[in-house]
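So my numbering is basically just the index in the sequence shown, starting at one, shifted up by 6.
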Amino acid sequence: MAAKITILVENSLGEHLALQNEHGLSFMIEIDNPRTQILFDTGQSG
7 MAAKITILVE
17 NSLGEHLALQ
27 NEHGLSFMIE
37 IDNPRTQILF
47 DTGQSG
């Protein structure tokens, strides 16, 4: 079973000045077998 976690929102801008930031955390968890997607969202705009 493989899993992939993609960060959608987090509250630090770092060196990526072209990106926007906001308070909170949001990420997508994708699991291969069985095919499952979970959205974890505590972002300010979500």
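C-beta atoms are modelled at their ideal positions from N, C-alpha and C, and glycine is treated no differently.
Item	Value
DSSP-derived helix/strand/coil call for Ala-9	strand
Residues that Leu-45 bridges to, as DSSP identifies them	Met-34
Cβ contact (3+ pairs, closer than 8 Å) linking the segment 41-48 and the segment 18-27	no
Reference Ala-76; option with closest CA among Gln-50, Ser-51, Arg-41	There is no way to answer for residue 76, as the model of the chain reaches only from 7 to 52.
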